[in-house]
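K.L.:
Residue numbers (the working numbering): 8 to 195.
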């Protein structure tokens, strides 16, 4: 009888641990799906496709809306640096957002459209600089370099869209170049 009792004890343990293992496996799968969905959201608003960078951002609990702001604010600021946004700059800002994968139906896109219609206050760029300075130490240098490169490239495209003074000579005005240098420096 003790053999049967011991066998039943092992069966009970196996059933218990099988149930616990199943619960842990389901939790792991759910967590993996959640991580994938967070990565997908971050990629959709930023244009970043490097999984290692997306994983680092997700590990630091960077939300999609925050990352969209980090990516898009420099575009808006470059376009408004001379206090006037012409049609070409507006198109470049909106195209830059679309090139990140940001869909026009996304709430961030609606906010961006309001920023191209009306110049945001100086606190927007101040908050951007503060956030970026706190984000940099949380990411490895490779991830930060990819983010920097992506943002600066899109901001430069906006500056080029303006075409310089009367579209002649240097296609990037001095004020735009100074802001591009400032953005790049903040991201280094």
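Cβ coordinates follow ideal geometry from the N, Cα and C atoms, glycine included. Since the model is a prediction, treat every value here as computed from it, not as a measurement.
Determine the direct distance from the alpha carbon of residue 93 to that of residue 199, and round the result to whole angstroms.
P.N.:
The question about residue 199 has no answer here: the residues shown for the chain are numbered 8 through 195.
K.L.:
Can you have a look at residue 114 and say buried or exposed, based on whether 16 or more other CB atoms are within 10 angstroms of its CB?
P.N.:
Residue numbering aside, residue 114 sits at position 107 when the chain shown is read from its first letter. Residue 114 should be labelled exposed.
K.L.:
Taking only three categories from DSSP, how would you classify residue 146?
P.N.:
Position 139 of the chain shown, counted from the first residue, corresponds to residue 146. Coil, per DSSP.
K.L.:
For the stretch 110 to 125 against the stretch 146 to 163, do three or more pairs of beta-carbon atoms, one drawn from each stretch, fall closer than 8 Å, so that the two count as touching?
P.N.:
Segments in contact, no.
K.L.:
Select from 74, 178, 187, 161 the residue whose C-alpha is nearest the C-alpha of residue 106.
P.N.:
Residue 106 sits at position 99 when you count from the first residue of the chain shown. Checking every option, the nearest Cα to that of residue 106 belongs to 161.
K.L.:
Leaving aside the five residues before and after residue 86 along the sequence, list all residues of the same chain whose C-beta is less than 6 Å from its C-beta, in chain order.
P.N.:
Sequence index remark: in the chain shown, residue 86 carries index 79 (1-based). Contacts found: 92, 96, 100, 165.
K.L.:
When you compare only the Cα positions, how much space is there between residue 62 and residue 186?
P.N.:
Taking the chain shown and counting its residues from 1, the one referred to as residue 62 is at position 55. Taking the chain shown and counting its residues from 1, the one referred to as residue 186 is at position 179. Answer to the nearest angstrom: the Cα atoms are 30 Å apart.
K.L.:
What did DSSP end up calling residue 57 once you bin it into helix, strand or coil?
P.N.:
One-based indexing of the chain shown puts residue 57 at position 50. Note: residue 57 maps to coil in three-state DSSP.
K.L.:
Does the beta-carbon of residue 39 have 16 or more other beta-carbons within 10 angstroms, so that it is buried, or is it exposed?
P.N.:
The residue labelled residue 39 in the question sits at position 32 within the chain shown. Below a pLDDT of 50, predicted positions are generally treated as unreliable, and residue 39, at 46, falls in that range; the measurement from the model is reported next regardless. Classification for residue 39: exposed.
K.L.:
Provide the residue span of the alpha helix (DSSP H) that contains residue 105, from first to last.
P.N.:
Sequence index remark: in the chain shown, residue 105 carries index 98 (1-based). Counting along the chain, the alpha helix (DSSP H) containing residue 105 begins and ends at 94 to 106.
K.L.:
Within 10 angstroms of its Cβ, does residue 103 collect 16 or more other Cβ (buried), or is it exposed?
P.N.:
Stepping through the chain shown from its first residue, residue 103 is reached at position 96. By the neighbour-count rule (16 or more Cβ atoms within 10 Å), residue 103 is buried.
K.L.:
Skipping 5 residues on each side, what residues in its chain have a beta carbon closer than 6 Å to that of residue 126?
P.N.:
In the chain shown, the residue the question calls residue 126 occupies position 119. The answer, listed in chain order, is 87.
K.L.:
Distance check for residue 44 and residue 142, CA to CA, integer angstroms please.
P.N.:
Reading the chain shown from its first residue, position 135 is the one you call residue 142. Reading the chain shown from its first residue, position 37 is the one you call residue 44. Near 21 Å, if we compare the C-alpha coordinates of residue 44 and residue 142.
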